[in-house]
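Going left to right, the sequence shown walks through residues 1 to 123 as the working numbering numbers them. By construction, the Cβ of each residue, glycine as well, lies at the ideal position given by its N, Cα and C atoms. Just below is one structure, and these are the notes that go with it.
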Amino acid sequence: MTASSFALILTGVLLNAVAQLLLKAGTNALGVITPTLANALPLTGAIATNPYFLGGFACYGISVLVWILALSRVPVSIAYPMLSIGYVINAFAAWHLFGETLSSGRWLGIGFIIVGVYLLARS
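In structure tokens:
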């Protein structure tokens, strides 16, 4: 895999990870979301005007475009598993930004993901 191909994959993964974090920040701002027919319109309006949700949607949209560029250069059997880098990024970011716990099992899983991504990148 070339450096430019890896950069495209990493950009797509980072945009996807940022999208997840922004969506979580949006749900933190709104609280628990329980959609019903009675609150469908106000809930849709609250989501559509929340800057965290809007940023998350924008990051997702851009990440799809970047991902298409990456897939045009890298086999999907290599590119798709690289998405797991996002799990590592989001675990650390959620710990730092939202105070989520990183248990020993999560640390072990993160280690396996890092080793797996390294092996894939070198193949």
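Check                                                                                      : Outcome
Helix, strand or coil at A48 according to DSSP, with G and I counted as helix              : helix
Beta-carbon spacing of Y52, G31 below 8 Å                                                  : no
Element boundaries [alpha helix (DSSP H), containing I39]                                  : Per the sequence shown, residue 39 should be read as Asn rather than Ile. It is not in any alpha helix (DSSP H) - N39 carries neither H nor E in the DSSP assignment.
For A70 and T123, believed in contact at Cβ under 8 Å, the rounded distance                : Looking at the sequence provided, one finds Ser at residue 123 rather than Thr. Contact flag wrong, Cβ pair sits at about 16 Å.
Straight-line Cα distance separating M1 from L23                                           : 31 Å
Where the alpha helix (DSSP H) containing R122 begins and where it ends                    : S104 to R122
Reduced DSSP category for L83 - H, G, I as helix; E, B as strand; rest coil                : coil
For A91, the nearest candidate out of A3, L8, L14 and I9 (CA to CA)                        : L14
Between the CA atoms of T49 and I33 - distance to the nearest angstrom                     : 15 Å
Beta carbon of I68 nearer than 8 Å to that of L120                                         : no
Expected contact under 8 Å - CB spacing of L43 and P35 to nearest Å                        : 6 Å
Cutoff 6 Å; reference Q20; Cβ partners in own chain excluding five residues on either side : N90
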